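A short write-up of the structure that comes next.
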Amino acid sequence: MTNFMNQDEMHALVDQLQPEAQQQALEALALKDPQAAETLASWLKQRAGLRELHRNVLDEPVPASLLQAAGRVSALQQDLNKGWRQAGIAAGVILAFGVGWTSHGQLVANQAPSAILAQGVAQHEFVRQAGFAYAVYMPEKRHPVEVTAAEQDHLVQWLSKRLGRPLKVPNLSAQGYELVGGRLLPGEMGARAQFMFQNTEGQRVTLYLGAVDQKTNKVNQDEMGFRYESDGSVSSFYWFDQGFGCALSGQINREKLIALATLVYQQL
Amino acid sequence: MNHQPIVAQIPGLRRYARALTGDVWAADDLVQDTLERACSRWRLWLIGTDLRAWLFTLMHNLFISQVRQGLTRAKLVPTVDLEDVEHELRAPDASINFAIDLQRCLLRLPDDQRVVLLLVTMEEISYEEVAKMTGVPVGTVMSRLSRARGRMRELLDEPKERPAATEPGDTAQKSAPVLRRMK
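As you go down the protein sequences, you meet chains A and B in turn. According to numbering that gives the first Met the number 0, the first sequence holds residues 0 to 267 in order. According to numbering that gives the first Met the number 0, the second sequence holds residues 0 to 182 in order.
As C-alpha cells, this is what we get:
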C-alpha cells in the first residue's frame, strides 16, 4: 500500500462509506500524508456544513399546494395497489373502475386532474379520521362504545337517523368477531358512525362510516374503489360508494383485514 | 408492505431543491413539478421499490431539462429573501455565515457537480445510487465529486467579497447574493 491516498479513498473516508476497519486504515493512511490530511479537513468541513444546510426546511410546514399534489399521487398509487393486490375482490373492482373510466372517458380526460386531486384529498382525510377514531377508542376499557351490542336495534336506529341513511351492522362472526357496540363521531360532512367488533382474544377492529364531500367525488361517483392504507400500526381497508365512505381499521395483518372487509362489503 | 407515504418525502425534496436552486420559490416550484410528474408517471413506479430514490430521480431529470432549456437560469440568480436573513442580520453567527457562504459557493458550481455533491453529502445517497439516478457511470460520479469538492474548497477559501464592494467585470459579482424584499 502506498503512503499516498487516491481521491476515491479520500471521498470514501469523508463519506464514511466503508466498514469500520477499512475506515480506520484509511484514517491512519491520511495521518501520514499531510497534503491529503489538509484536503480531508477541508472536505469534512464542507460535508458537515452541507449536512446542516437548510435543515430548518425539514421542520417547516409543507405548503398546501404540495400536499395536494402529493395527495393526488397517493390516490393514484393506491388505485395501482388495489388493482394488483386485492386479488380476492380485484376483478370486480377493476371491472367497476374500467367501466367508470370508459363511460366517463371524455369527462375524465377533461376534468381528471382537479377532480382526482380533490377526491384523493377528501378520501385520504376520511381514512385518516377513521384511523384516529380507531386509535382513540380501541384501547378504551370501560367506555369503548356509547351504545352496546345489547341494544343493537336502538344503536342502528339512532346512528341511521343521525347519519341520514339506513345503516346495517355487518355480522363478522364468520371471522370470529362480535359486535361490541357503536358510537357517534363528528365528521366534515356531518355525523359519522363507528362500530366496534372484538374477537375472543380481545383484538378489536372498527368500521367507520360517513359521508364524504360529494362535490369532490363527482367524476367517479359510481366507482367503488377499494384501497388499503397503513400508517405502520393501524391499517385500514376502505372504499367509497356514492359519496358514502366505509373504512375498516385494525391492528391485524392485511389478509385478515381483507377477509373482514370482504364480509363487510358483502353485507352492506 | 413497503408503504411510504409520498407526503413524508416532501420535506426532504424541498430541502434538496432549496440547496440546488438557492431560491425558496424556485425550489418549491421544482418540488411541485416533481410531484406533478410523479402523478403522470406513477404507473412506472414499481410498488416496493424505493420511493425516495424514484422521486429524487424525477426531480433530477426535471432540473437538468429545465437547466438545458435555460428555464431556471433566471431563477438561479441567487437571491436572499430579506425575511429569511433578518435574524442573521441582527445576530451574526458564524455557522449561519458559513451556511450562506456554502450556498453561495454551491451556486457557482456547474449544475452536474452541484447535483452530485448534494446527493452524496446532504442526502447521503451512495455513489452507485447517484450514478443510477443521474444516468452516468460511477466513475463520472466520482470525478464530478472530486471536482465539486475541489472547487468548493477554492471558493470557500477565497476572500469574501462584500455585497456592497463591487468590482466591474468581476464574474463572481454576478452570483453574489442580492437582497430582495418579499411580501
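All residues carry an ideal CB built from backbone N, CA and C; glycine is no exception. These numbers come from a predicted model, not from an experiment.
For residue i, the nearest candidate out of the options (CA to CA)
| i | options | result |
| --- | --- | --- |
| residue 104 of chain B | B:18, B:33, B:124 and B:9 | B:18 |
| residue 196 of chain A | A:15, A:259 and A:65 | A:259 |
| residue 138 of chain A | A:202, A:181, A:15 and A:161 | A:202 |
| residue 184 of chain A | A:136, A:4 and A:149 | A:136 |
| residue 107 of chain B | B:157, B:14 and B:119 | B:157 |
| residue 68 of chain A | B:142, B:121 and B:30 | B:30 |
| residue 181 of chain A | A:42, A:28, A:194 and A:22 | A:194 |
| residue 132 of chain A | A:234, A:54, A:23 and A:17 | A:234 |
| residue 141 of chain A | A:11, A:155 and A:179 | A:179 |
| residue 45 of chain A | B:63, B:64, B:100 and B:20 | B:100 |
| residue 238 of chain B | A:51, A:6 and A:251 | The requested residue 238 of chain B does not occur in the structure, where chain B is confined to residues 0 to 182. |
| residue 7 of chain A | B:24, B:141 and B:116 | B:141 |
| residue 176 of chain A | A:13, A:247, A:75 and A:57 | A:247 |
| residue 129 of chain A | A:23, A:254, A:253 and A:230 | A:230 |
| residue 24 of chain B | A:200, A:65, A:162 and A:29 | A:65 |
| residue 13 of chain A | A:245, A:255 and A:43 | A:43 |
| residue 210 of chain A | A:27, A:166 and A:251 | A:166 |
| residue 97 of chain B | A:47, A:145, A:254 and A:148 | A:47 |
| residue 161 of chain A | A:188, A:72 and A:253 | A:188 |
| residue 268 of chain A | A:127, A:9 and A:253 | Here chain A has residues from 0 to 267 only, and residue 268 of chain A is not among them. |
Start and end residues, alpha helix (DSSP H) containing residue i
| i | result |
| --- | --- |
| residue 185 of chain A | Per DSSP, residue 185 of chain A belongs to no alpha helix (DSSP H); it is in the beta strand (DSSP E), 177-186. |
| residue 236 of chain A | Unbroken run through residue 236 of chain A is the beta strand (DSSP E), 234-240; no alpha helix (DSSP H). |
| residue 153 of chain B | 137-156 |
| residue 58 of chain B | 50-67 |
| residue 8 of chain A | 6-13 |
| residue 189 of chain A | Careful: residue 189 of chain A lies outside any alpha helix (DSSP H), inside the beta strand (DSSP E) at 189-197. |
| residue 231 of chain A | Segment: none, residue 231 of chain A is in no alpha helix (DSSP H) and carries neither H nor E. |
Inter-residue CB distance, residue i and residue j (contact presumed, cutoff 8 Å)
| i | j | result |
| --- | --- | --- |
| residue 191 of chain A | residue 208 of chain A | 6 Å |
| residue 32 of chain B | residue 61 of chain B | 5 Å |
| residue 40 of chain A | residue 25 of chain A | Not a contact, Cβ separation roughly 14 Å. |
| residue 102 of chain B | residue 143 of chain B | In fact, because the Cβ distance is near 19 Å, the residues do not count as touching under 8 Å. |
| residue 132 of chain B | residue 154 of chain B | Not confirmed; about 25 Å, so no contact. |
| residue 62 of chain A | residue 27 of chain B | 6 Å |
| residue 59 of chain B | residue 114 of chain B | 6 Å |
| residue 57 of chain A | residue 120 of chain B | With a Cβ gap of about 15 Å, residue 57 of chain A and residue 120 of chain B do not count as contacting. |
Run of the beta strand (DSSP E) containing residue i, from where it starts to where it stops
| i | result |
| --- | --- |
| residue 27 of chain B | Premise fails: residue 27 of chain B lies in the alpha helix (DSSP H), 23-40, not in any beta strand (DSSP E). |
| residue 56 of chain A | Neither: residue 56 of chain A is in no beta strand (DSSP E) and is coded neither H nor E. |
| residue 204 of chain A | 203-210 |
| residue 106 of chain B | Element bounds for residue 106 of chain B: not the beta strand (DSSP E) but the alpha helix (DSSP H), 93-106. |
| residue 141 of chain A | Element bounds for residue 141 of chain A: n/a, residue is neither H nor E. |
query = Does the count of Cβ pairs from the region 225-241 of chain A and the region 168-184 of chain A closer than 8 Å reach three?
reply = no
message = Under 7 Å, CB to CB, which of the residues in the region 228-262 of chain A have a partner in chain B?
response = 229 and 253
At least three beta-carbon pairs within less than 8 Å, the region 54-68 of chain B to the region 7-17 of chain B = yes
ask   = Three or more C-beta pairs closer than 8 Å, one from the region 253-267 of chain A and one from the region 20-35 of chain A: is that the case here?
value = With the cut-off at 8 Å, the region 253-267 of chain A and the region 20-35 of chain A do not touch.
request  = Could you please tell me which residues of the region 114-142 of chain B, in chain order, have their CB closer than 9 Å to any CB of chain A?
outcome  = 116, 117, 119, 120, 121, 123, 125, 126, 141 and 142
Chain A contacts from the region 16-36 of chain B (Cβ-Cβ distance under 7 Å) = 17, 18, 27, 30, 31, 34 and 35
Contacting positions in the region 102-113 of chain B - beta carbon closer than 7 Å to chain A = 102
inquiry  = Please list, in chain order, the residues of the region 177-191 of chain A that have any C-beta partner in chain B closer than 7 Å.
reply    = none
inquiry  = Any contact between the region 118-129 of chain A and the region 148-160 of chain A? By contact I mean 3 or more CB pairs, one from each, below 8 Å.
reply    = no
key: Residues within the region 4-15 of chain A neighbouring chain B, beta-carbon criterion of under 7 Å   = 6, 7, 10 and 14
key: Interface positions of the region 60-79 of chain A facing chain B (Cβ-Cβ less than 7 Å), listed along the chain   = 61, 62, 64, 65, 66, 68, 69, 71, 72, 73, 75, 76 and 79
ask   = Listed in chain order, which residues of the region 144-155 of chain B have Cβ atoms closer than 8 Å to some Cβ of chain A?
value = Residues passing the 8 Å Cβ filter: 144, 145, 148, 151, 152 and 155.
task = Decide yes or no for the touch test of the region 127-137 of chain B against the region 16-24 of chain A: beta carbon pairs closer than 8 Å, at least 3 of them.
result = no
task = Note down, in chain order, all residues in the region 25-45 of chain A with a beta-carbon under 7 Å from any beta-carbon belonging to chain B.
result = 41, 42 and 45
inquiry  = Using a Cβ-Cβ cutoff of 8 Å, what residues of the region 115-141 of chain A are near chain B? List them in chain order.
reply    = none
ask   = Got a sec: which bits of the region 201-212 of chain A sit with their beta carbon under 7 Å from any beta carbon on chain B, in order along the chain?
value = Residues passing the 7 Å Cβ filter: none.
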